[in-house]
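Residue numbers (this note's numbering), protein chains in the order written: chain A, 944 to 1286; chain B, 944 to 1286; chain C, 944 to 1286; chain D, 944 to 1286. Just so you know, even glycine gets a beta-carbon here, dropped at the ideal spot from N, CA and C. Written below as structure tokens is the structure these notes are about.
4 protein chains.
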Amino acid sequence: MIKVAIVGGTGYTGVELLRLLVGHPEAELVAITSRQEAGRGVAELFPNLRGHLDLAFSEPDAGRLADCDLVFFATPHGVAQAAVPELLARGVRVIDLSADFRIRSVPLWEHWYGQSHGCPELVAEAVYGLPEFNRERIRTARLIACPGCYPTSVLLGFLPLLEAGLVDTGDLIASSASGVSGAGRQANIANLLTEASDSFKAYGVAGHRHLPEIEQGLADIAGAAVSLTFVPHMLPIIRGIHSTLYATLSDPELDLQQLYEQRYRDEPFVDVLPAGEYPQTRSVRGANWVRIGVQRPQQRHKAVILVVEDNLVKGASGQAVQNMNLAFGLPETLGLEAPALLP
Amino acid sequence: MIKVAIVGGTGYTGVELLRLLVGHPEAELVAITSRQEAGRGVAELFPNLRGHLDLAFSEPDAGRLADCDLVFFATPHGVAQAAVPELLARGVRVIDLSADFRIRSVPLWEHWYGQSHGCPELVAEAVYGLPEFNRERIRTARLIACPGCYPTSVLLGFLPLLEAGLVDTGDLIASSASGVSGAGRQANIANLLTEASDSFKAYGVAGHRHLPEIEQGLADIAGAAVSLTFVPHMLPIIRGIHSTLYATLSDPELDLQQLYEQRYRDEPFVDVLPAGEYPQTRSVRGANWVRIGVQRPQQRHKAVILVVEDNLVKGASGQAVQNMNLAFGLPETLGLEAPALLP
Amino acid sequence: MIKVAIVGGTGYTGVELLRLLVGHPEAELVAITSRQEAGRGVAELFPNLRGHLDLAFSEPDAGRLADCDLVFFATPHGVAQAAVPELLARGVRVIDLSADFRIRSVPLWEHWYGQSHGCPELVAEAVYGLPEFNRERIRTARLIACPGCYPTSVLLGFLPLLEAGLVDTGDLIASSASGVSGAGRQANIANLLTEASDSFKAYGVAGHRHLPEIEQGLADIAGAAVSLTFVPHMLPIIRGIHSTLYATLSDPELDLQQLYEQRYRDEPFVDVLPAGEYPQTRSVRGANWVRIGVQRPQQRHKAVILVVEDNLVKGASGQAVQNMNLAFGLPETLGLEAPALLP
Amino acid sequence: MIKVAIVGGTGYTGVELLRLLVGHPEAELVAITSRQEAGRGVAELFPNLRGHLDLAFSEPDAGRLADCDLVFFATPHGVAQAAVPELLARGVRVIDLSADFRIRSVPLWEHWYGQSHGCPELVAEAVYGLPEFNRERIRTARLIACPGCYPTSVLLGFLPLLEAGLVDTGDLIASSASGVSGAGRQANIANLLTEASDSFKAYGVAGHRHLPEIEQGLADIAGAAVSLTFVPHMLPIIRGIHSTLYATLSDPELDLQQLYEQRYRDEPFVDVLPAGEYPQTRSVRGANWVRIGVQRPQQRHKAVILVVEDNLVKGASGQAVQNMNLAFGLPETLGLEAPALLP
């Protein structure tokens, strides 16, 4: 059994990690910390866990965390930076669900996150935890930077085209939409049911923090500079990300369907739909799948790639568990086998 | 492994049964029938099952069903009646999710369902599959009539009071509300998102088919005649039933909280919330739990009992699996351990 | 033209009042106050008003308010109490949408609202603004206490039965449900889309502030003491209240349908549905209607009354405008003629 | 008063037209036809109209229609074609909300709609009813083809850029999303609340019937051939269309904000939001507004234009009324003044 702790477990990625770990046969959850909720039973905050988890939030305690094999950070950005060095030094592996170690350029990180980076010396070591691109490096990583929710969908959507060098990398577009849980469990008028339901809007059009993370990932995959226009939207749903990707094909005769099916044939969590079918977010609700549909409308030069994921699972906590499985030599799908909830 | 088949698997109780059986370690699904969809892959209809189930719908075939240890009927009422006798004769056990064998009075059944009963001779043998009331009889039953979704919530809500003989059985009220999945997967203008979302209404106030089933169950529990006013409502949600129950207490000093906690202490799927807390349907989304809150407002003579369940799980397919576990000597919670999906 | 001001216009009853007054041919809106948003354009906060209203929030200013013919208070409880005496003294009429003047017993008000009443001397003068019960007194009132949202639906639902003395007043039940806008425009985790959508729950079961207001109103109508069990629930919709009312009939042969049709025949905003039909909240979305269906299930002794309203219109701002029309001698329906928005 | 009839009033554009005409001071509704619902009261089908409209559906009757000044067709495609010639011959003007007369190339229409055109001789005369582009021609038109819902949003979004010749017309992208009411009031499993809510998906990616209509309109505006990639999506909301438009600017220094504000300064129903703001669909719920935000992310070469409308109002019935106002010399905004419903 892997001894596991979660730092900062009061948000949605926290409760989702708990839900997945409760059913994981090789993980033993020994602590979940929260300064604000210390002493309160986890199931008081998250009533779905009543009867499943008899654990209370505790104050962060370095000694107790150091006893673990693995610590997940489900904290706002800026928190993991301060705590990671000591944990690594004491032999604990870390999977960080926040943005702290995702961007390799420290100045770029500092520009987009508006603060100094507290641990620049570990940025280069951190492995970007996208198994479909970085599987081997993840197996041995001490520090895994779990990808953001939007980036996971956009990177997996463009990956086959970029790896094969088949598109104009200077003109990529991602029109993405996320459920409200992507905004976190924060009191905020804009995310009230009365404000966010029965409506749809774009936000962060001038620049969203996931843009540099996505462009870095796309460039890594392409082995070349890329330029992405990224427009996120807020969906009146709880969970789910849908990315509609547009790219100009160098060869309009390309068989997109075959390209995607071949690339993802052996991936346990990437499902390429049959030709002519398009994914819906509910088909991955609560599950670690990414489902992808591809189309070249009117046989023109634009490829349209449609990608769905559950932002809290493959976009966050499920991917974190997948990374844990890889890093500890377990079957990659362990604890992640449950189908999505539909309807 | 128990060899299992599902007759009529194209509705919501069908797909939910599939979702649960896919993860059940002791059930082997050998067939799922549908005249209309015969030959079509199950995962084409239910995209959450892509990658989990490589099975196609097949024509109902008596021989193939007779090879099974257990057949579930997830059919409209009237279908199981015709097929059950032969299956029982050939040694197959049956769990019927439809209403065919729930009501012991054949004339009453015929009145409410508007047709002749096709198999009155088996009605008396059928065991009403509410484990919290009938556990021992279920263990040995050949034919289990799985309770309706509303009845499960109302019966479990009133049960402690009725068993203890503490309320006026002539004046019970159930104000219940169900998600739209309770109406099934049928093309119907009234259940379109455009008609049913962002709205709320009562229906079937003059008389709903679940009324005689509930009154029968309440009378069985109370050992006395009961009169129930039952008003169902339609909620603009996908899954979930919430029943608000009202009863007049004979002893207004009764400690409701203690009564409920004691009665359900050992039940694996009934959760009595702490005093002053009330359940929400999302806390059981996708899970087999019933959660109950109790209150005596203003210390007056009315008991108010609040009950939630997922209508497709504890209200249908989860309860069916619980019955299967009991009937085949398995741990009662097997395959039903996953927490609810929240948020 | 009536010169009108709104005090405290940043909540949902405020924006709804603005929406209605913008289209009212006899009201001229001269000021809308908010300490917090002073200087900000109203349409910045409420984008539906862009192009309709070129007004900014202003600091409350006693002199400016005193220049008006009428001041609406759309403030939290406790605010109107402090400001009303001076306005009345200067000849301004007041319609208070808050709870400050609804309850005639000052100690009862102080018990439920947890504070001293700041203006007990005006409580007796205030007229409870339910036109269907108090129309004549409203015409001449200086100070109108606009009913709460739940109370409007429950009082209008029970009114015909209570006026006619046909039910057991010691055993009334209201199982009510409100859209989330009833909770106001406040940052609150429980009302996030992620928490409140796709779910349903009861709240305030032990005692809700609308209980004493409703019991007072019911007793006024009945001319006798009443006892009400009131259970509010939160619906995952934006607008709308649905109350399901239960009462024991003294004469089970009563023709409910006829009773309600006769009582409400001349009411401009109360619609009794044909026999066997039940109202849905969306049928009054954005409109000042109350729609009512009645039923006596199974011809037993319980009357079931189903009532819908838009909590922001007939439950708040629309009723306030209706009261304004009465108080200023205008046609009662002026500015309130638009049909509900459906779908 | 203009004597008006509606042919085919049982769908969502029909009920919306009724809602708007009920409040229109210069329109007198004399008939609404439906073969299927003939004899049934309109308010039975659409409960929001109870108390507002005392009219029953009637069989289509050529004589009665010919007595009108104006007939609206709110029918499926193919119906208006058959009836329009006689009406025009008898001096009745026609506003067709269906697709029958929108596309000037008859073969193109026949290709996309899969049937022969029943009235090719009138196609050339029909005026495309987009007032912002065709206002003067609409004033005198006998036959107005009301634009589709998606086309209205895409055309108004690209119009200023195309008129000014500032973008690459060979590479336009529209990522659009519509509420479910866009699919009409048809019994259809895919549009059940259980299937369509809490989810998001693209559809019609290979080719949607609105593509040729949009490309025709874009080309008319640009005075040049255009190529559009159009991907529609289905939103889990009732009403609303949001189009996110992408275009490559010839001059990346262009001041988009100024361009849009100037172009739409005098338009009564087009609202250009302040710089940095993006529209939400709820801000136009029930209203005839189009609201537009513009952005050039990262100061690169892509313009991103965000457009919202209510698909049933500016996308259908509101635009039809706007066209009626123009065609009959009334103030363009008459009967369309009500603000959107928010929250």
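Counting only beta-carbon separations shorter than 8 angstroms, does residue i have a partner in chain A?
i                : result
I1184 of chain C : no
P1324 of chain C : What the structure shows of chain C is the stretch from 944 to 1286, and residue 1324 of chain C is not part of that stretch, so it cannot be assessed.
S1226 of chain B : yes
P1050 of chain B : no
F1101 of chain D : no
Let me confirm a value: residue i is counted as buried when at least 16 other C-beta atoms fall within 10 Å, else exposed. Which label applies?
i                : result
M1177 of chain C : buried
E959 of chain B  : buried
D1214 of chain A : buried
Q1238 of chain C : buried
R1208 of chain B : exposed
D1111 of chain C : exposed
Q1058 of chain C : exposed
P1274 of chain B : exposed
H1020 of chain A : buried
Kindly indicate if chain D contains any beta-carbon less than 8 angstroms away from that of residue i.
i                : result
Y1146 of chain A : yes
S1124 of chain A : no
A1139 of chain B : yes
G1229 of chain A : no
N966 of chain C  : The sequence as given places Gly at residue 966 of chain C; Asn does not occur at that position. Yes - at least one Cβ of chain D is within 8 angstroms of the one on G966 of chain C.
Is it the case that the Cβ atoms of residue i and residue j are separated by a distance below 8 angstroms?
i                : j                : result
L1171 of chain C : L1154 of chain C : yes
V1022 of chain D : F1015 of chain D : no
I1180 of chain C : P1222 of chain B : no
G1183 of chain B : D1253 of chain B : yes
F1101 of chain A : L1031 of chain A : no
A1259 of chain C : C1011 of chain C : no
P1028 of chain C : L1065 of chain C : yes
F1143 of chain B : I1157 of chain B : no
P1103 of chain C : R1206 of chain C : yes
A1281 of chain A : A1084 of chain A : no
Q1265 of chain C : L1279 of chain C : yes
H1229 of chain A : L1216 of chain A : The displayed chain sequence assigns Gly, not His, to residue 1229 of chain A. For G1229 of chain A and L1216 of chain A, no; Cβs fall outside 8 angstroms.
Q1106 of chain C : I1164 of chain C : The residue you asked about is not Gln; residue 1106 of chain C is Glu in the sequence shown. In this structure, I1164 of chain C lies closer than 8 angstroms to E1106 of chain C by Cβ.
With a cut-off of 8 angstroms, does the C-beta of residue i fall near any C-beta of chain B?
i                : result
L1135 of chain D : yes
Y955 of chain A  : yes
I1235 of chain D : no
A1149 of chain D : no
N1131 of chain D : yes
G994 of chain A  : yes
So with Cβ pairs under 8 angstroms, would you call residue i a contact of chain C?
i                : result
R1128 of chain A : yes
Q1223 of chain D : yes
H1283 of chain D : Note that residue 1283 of chain D is Ala in the sequence shown, not His. Answer yes: the Cβ-Cβ gap between A1283 of chain D and chain C drops below 8 angstroms somewhere.
Exercise for review: Run through the segment 1099-1178 of chain A for me and flag every whole alpha helix (DSSP H) of 4 or more residues, listed as ranges in chain order.
Suggested key: 1136-1139, 1153-1165
**Study point:** At least 3 beta-carbon pairs within less than 8 angstroms: the segment 1120-1134 of chain A vs the segment 946-966 of chain A
**Key:** yes
Point to revise | Segments assigned alpha helix (DSSP H), at least 4 residues, entirely inside the segment 1245-1277 of chain D | key: 1261-1270
Check your understanding: Can you list the beta strand (DSSP E) stretches of 3 or more residues lying completely in the segment 967-994 of chain D, in chain order?
Key -> 970-976
Point to revise | Within the segment 1026-1084 of chain C, ranges of the beta strand (DSSP E) (whole runs, at least 3 residues) | key: 1036-1039
Exercise for review: Take every Cβ of the segment 1036-1048 of chain B, pair it with every Cβ of the segment 968-982 of chain B, and state whether three or more of those distances are shorter than 8 angstroms.
Suggested key: no
Check your understanding: Does the segment 1107-1119 of chain D come close enough to the segment 1090-1098 of chain D to have 3 or more Cβ pairs within less than 8 angstroms?
Key -> yes
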